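What follows is a single structure, written as C-alpha cells, with notes after it.
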Amino acid sequence: LHCQFKPIKKTLTGDSFHGVTKKKLYSSSLSDGNFSISGELSLKQLAHSETDYIPAFVRKCVEFIETEGIKVEGLYRVPGNQSQVVLIEQKFAVDANMSMYALDLPVSAVTTALKNFFANLSEPLISAELYQPLIEERRPDVRLKLLRHVLQRLPLENRAVLSYVVNHLRHVAEHVHVTSMDHRNLAKCWWPTLVRPHFENFESMAMMSQPLEELVQVLLDNPSILE
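This is the structure we're talking about:
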C-alpha cells in the first residue's frame, strides 16, 4: 500500500493563502476583522483558547472525518481534489462556524485540507532538532525512551495537538478492516506532514524516510508517551 502525496512545498505567498489571509483562514476567532499579519502562523497563535490548544479548523476537520470517513477505504491515502480543498479553506475563512456537511464534498477533500493546515504552519509539530537524534538511534527500547524525552520538550500546544492527531489516527486504525489503514499505513501517509523534513538530495531522502516513518508509527503504537 502506497500513500499518494505530493512533496510538501510552501504554498503561501506573503500574507495570503488561496486569496485569503492565513490568520483569517485558520483562526478560531474571526470577530476582530484584523487578519493582516506577516510571516506564517504558529499553533500558539491559532489555539482555540488559552485552555484549548486545538485550532478550530483542526477540530472541525477531524470531527467530520471521524463521522463520515471512518468507513472509507484508503482514508488519507488518496489526496483530495485541489479545487475542493480550496473551497473548504475559503468557506472557513468567511465563517468559522461553517458546516462541512453543507459543502457536500468527499472525505478526501477534508483529509487533504487537514494535512494542508499542518503543512503551512510556521514550524512542524516535531522540529528537526528534536527528531534528528531519534533517526540516529536504532535500538527500539532506547529510541522509545528518547522519544518520550523529546516529546516533553515540545511546547504545550504542540504536544496537545500532536496527541489529538495521534488519537484521531488510532481511531481510524481501529477500523482497519474497512479503511485498510493500520498504524504502518497511516504513518506512511502522515510522517511528511508531521515532521516536514528538508532533504538536501535524494540520498538523504532515502536514508531518512524510513526512520521518520518508523518514528510516527512508534507514536501511534505508544500514545501514552504523550501523556
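Numbering (the UniProt record's numbering), first residue to last: 1 to 227.
C-beta atoms are modelled at their ideal positions from N, C-alpha and C, and glycine is treated no differently.
Here the structure is a predicted model, which is why all the values come from computation and not from measurement.
CA-to-CA distance, residue j to residue i, given in whole angstroms
{"i": "Arg143", "j": "Glu137", "result": "6 Å"}
{"i": "Leu154", "j": "Lys71", "result": "33 Å"}
{"i": "Glu227", "j": "Lys188", "result": "23 Å"}
{"i": "Leu219", "j": "Trp190", "result": "11 Å"}
{"i": "Ile54", "j": "Ser42", "result": "12 Å"}
{"i": "Ala206", "j": "Ile135", "result": "13 Å"}
{"i": "Ile225", "j": "Leu146", "result": "10 Å"}
{"i": "Thr112", "j": "Pro211", "result": "24 Å"}
{"i": "Glu89", "j": "Val178", "result": "28 Å"}
{"i": "Glu214", "j": "Arg184", "result": "8 Å"}
{"i": "Gln152", "j": "Glu63", "result": "27 Å"}
{"i": "Ser49", "j": "Ser163", "result": "17 Å"}
{"i": "Leu186", "j": "Leu169", "result": "7 Å"}
{"i": "Ser29", "j": "Asp52", "result": "A caution first: Ser29 carries a pLDDT of 36, below 50, which makes its placement in the model unreliable, though a value can still be read off. Distance between the alpha carbons of Ser29 and Asp52 is about 13 Å."}
{"i": "Lys24", "j": "Met98", "result": "Because Lys24 carries a pLDDT of 44, less than 50, the predicted location of this residue cannot be relied on, and no value is offered for it."}
{"i": "Asn81", "j": "Ala128", "result": "30 Å"}
Test item: CB-CB of residue i and residue j under 7 Å
{"i": "Ser108", "j": "Val86", "result": "no"}
{"i": "Leu46", "j": "Met181", "result": "no"}
{"i": "Pro124", "j": "Val166", "result": "no"}
{"i": "Ala102", "j": "Ala56", "result": "no"}
{"i": "Gln84", "j": "Leu114", "result": "no"}
{"i": "Pro197", "j": "Met208", "result": "yes"}
Top-ranked residue by Cα proximity to residue i, from the options
{"i": "Phe117", "options": "Pro197, His183, Asn222, Cys61", "result": "Cys61"}
{"i": "Val58", "options": "Gln152, Ala128, Gln84, Phe92", "result": "Phe92"}
{"i": "Leu194", "options": "Gln84, Ile65, Asn120", "result": "Asn120"}
{"i": "His171", "options": "Ile65, Lys44, Leu125, Glu50", "result": "Ile65"}
{"i": "Arg159", "options": "Gln132, Asp141, Ile126, His168", "result": "Ile126"}
Rounded distance between the beta-carbons of residue j and residue i, thought under 8 Å
{"i": "Glu157", "j": "Lys44", "result": "5 Å"}
{"i": "Leu130", "j": "Val161", "result": "That belief does not hold up - the Cβ atoms of Leu130 and Val161 are roughly 15 Å apart, past 8 Å."}
Discussion item. At 4 residues or longer, what runs of the alpha helix (DSSP H) sit wholly inside the region 37 to 81?
Written reply: The alpha helix (DSSP H) runs of length 4 or more contained entirely in the region 37 to 81 are, from start to end of the chain, 43 to 46, 56 to 68.
Worksheet item: Along the chain, which unbroken stretches of the alpha helix (DSSP H) at least 4 residues long are found entirely within the region 116 to 187?
Response: As far as the region 116 to 187 is concerned, its whole alpha helix (DSSP H) runs of at least 4 residues are 128 to 136, 140 to 152, 156 to 173, 176 to 179.
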